[in-house]
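Counting from 4, one number per residue, gives the positions in the sequence shown under the working numbering. Note that beta-carbon positions come from the ideal geometry of N, C-alpha and C, so glycine has one too. A short worksheet on the structure shown next.
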Amino acid sequence: MSADAPAGARTRVLVVDDDPHLLKALRITLQAHGYAVDTAADGGTALRAASHRPPDVMILDLGLPDRDGADVLCELRRWSTLPVLVLSARHGSSDKVDALDAGADDYITKPFGLDELLARLRALLRRVPEPDSAPTVAASSFTVDLVQRRVTRDGAVVRLTPTEWNILELLVRNPGRLVTQQQLLLDVWGPAYQTEANYLRVYMAQLRRKLEDHPGNPRHLLTEPGMGYRFVP
4 MSADAPAGAR
14 TRVLVVDDDP
24 HLLKALRITL
34 QAHGYAVDTA
44 ADGGTALRAA
54 SHRPPDVMIL
64 DLGLPDRDGA
74 DVLCELRRWS
84 TLPVLVLSAR
94 HGSSDKVDAL
104 DAGADDYITK
114 PFGLDELLAR
124 LRALLRRVPE
134 PDSAPTVAAS
144 SFTVDLVQRR
154 VTRDGAVVRL
164 TPTEWNILEL
174 LVRNPGRLVT
184 QQQLLLDVWG
194 PAYQTEANYL
204 RVYMAQLRRK
214 LEDHPGNPRH
224 LLTEPGMGYR
234 FVP
């Protein structure tokens, strides 16, 4: 492993840009410096990737084909504190201020030097506290093993459908935080389903029947009316 990458397990970087040549170049370069790299060419794909396999840091272009990068940042900040380095061709100070206000941790303009990019990545990663979440999340009535992708209740494995698991995983990875209806629908079903809140009501009812002691008065899988859902350990 190169000395540029942080010590320990390989640091995962999610690079988001609609330029396929830049994506390829950054993937090759970052991998050569010891990073694990995922890529996304649009905002929707980036949000799903950040949820399904959370990276350690995101490099985000502002000029994306499906939505502005600032909108991606705003959506991400509803459920994640992932450090984000904005990479953009926009040089105006107002663009930088807008990106930072939307939740960016740093901003670098194109064209950029590789040494500067790597240095900014290292600086961002130094600010990240050690994770306090375990691979197993325990509630009073059930336990979720995020590594084995398994849920147990009273010592028995609970059978979940893939959709039920995807919803539960996103919630338990963000304990105590509101996960919006839009983010759940985007992550689990895709952009075409972001107004189908009835899907969530059906599946949340199924999860509560399987996991809660009192499904009609849930303790862990809570509804925030008109906004979304929250997992309380």
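Can you tell me whether residue i is buried or exposed, with buried defined as 16 or more other CB within 10 angstroms of its CB?
i      : result
Phe115 : exposed
Ala122 : exposed
His24  : exposed
Met4   : Note that Met4 has pLDDT 40, beneath the 50 cutoff, so the model's placement of it is unreliable and no number is given.
Gln151 : exposed
Thr164 : exposed
Leu79  : buried
His223 : buried
Met230 : exposed
Asp216 : exposed
Leu99  : Before going further, note that residue 99 is Lys rather than Leu in the sequence given. Lys99 should be labelled buried.
Asn177 : buried
Leu117 : exposed
Ala92  : exposed
Glu167 : buried
Pro221 : buried
Ser54  : buried
Tell me which same chain residues have a C-beta within less than 6 Å of the C-beta of residue i, skipping the five on either side of it?
i      : result
Leu63  : Val19, Gly72, Val87 and Val89
Arg81  : Thr183
Leu103 : none
Ser136 : Note that Ser136 scores a pLDDT of 48, beneath 50, so its modelled location is shaky and nothing firm can be said.
Pull the bridge partners of residue i from the DSSP assignment, please.
i      : result
Val160 : Thr155
Arg15  : Ala39
Ala141 : Thr146
Ile170 : Per DSSP, none; premise fails for Ile170.
Leu181 : Arg233
Asp20  : According to DSSP, which records beta bridges pairwise, Asp20 is partnered with nothing at all.
Val60  : Val16
Gly116 : Paired residue(s): none; Gly116 is not in a bridge.
Gly66  : Asp71
So residue i is in the alpha helix (DSSP H); what residue range does that whole segment cover?
i      : result
Asp190 : Gln184 to Val191
Tyr206 : Ala200 to Leu214
Gly72  : Gly72 to Leu79
Identify, in the order they occur along the chain, each residue of the same chain with its Cβ nearer than 7 Å to the Cβ of residue i, setting aside the five sequence neighbours on each side.
i      : result
Thr194 : Going by the sequence as given, residue 194 is Pro instead of Thr. Answer for Pro194: Gly47, listed in chain order.
Could you spell out the range, first to last residue, of the beta strand (DSSP E) harbouring residue i?
i      : result
Asp45  : Taken as a continuous stretch (DSSP letters only), Asp45 belongs to no beta strand (DSSP E), as it is neither H nor E.
Glu227 : Leu224 to Glu227
Asp109 : Asp109 to Thr112
Leu2   : Within the shown structure, residues of the chain are numbered from 4 to 236, placing residue 2 beyond reach of any answer.
Measure the beta-carbon distance from residue i to residue j and round it to whole angstroms, keeping in mind my assumption that it falls under 8 Å.
i      : j      : result
Met61  : Leu17  : 5 Å
Ser144 : Arg156 : 6 Å
Thr42  : Arg56  : That pair is no contact at about 12 Å.
Ala44  : Leu26  : 7 Å
Leu171 : Tyr232 : In fact, because the Cβ distance is near 10 Å, the residues do not count as touching under 8 Å.
Please decide whether residue i counts as near chain B, where near means a Cβ-Cβ distance under 8 Å.
i      : result
Thr164 : This model lacks chain B altogether; it includes just one protein chain.
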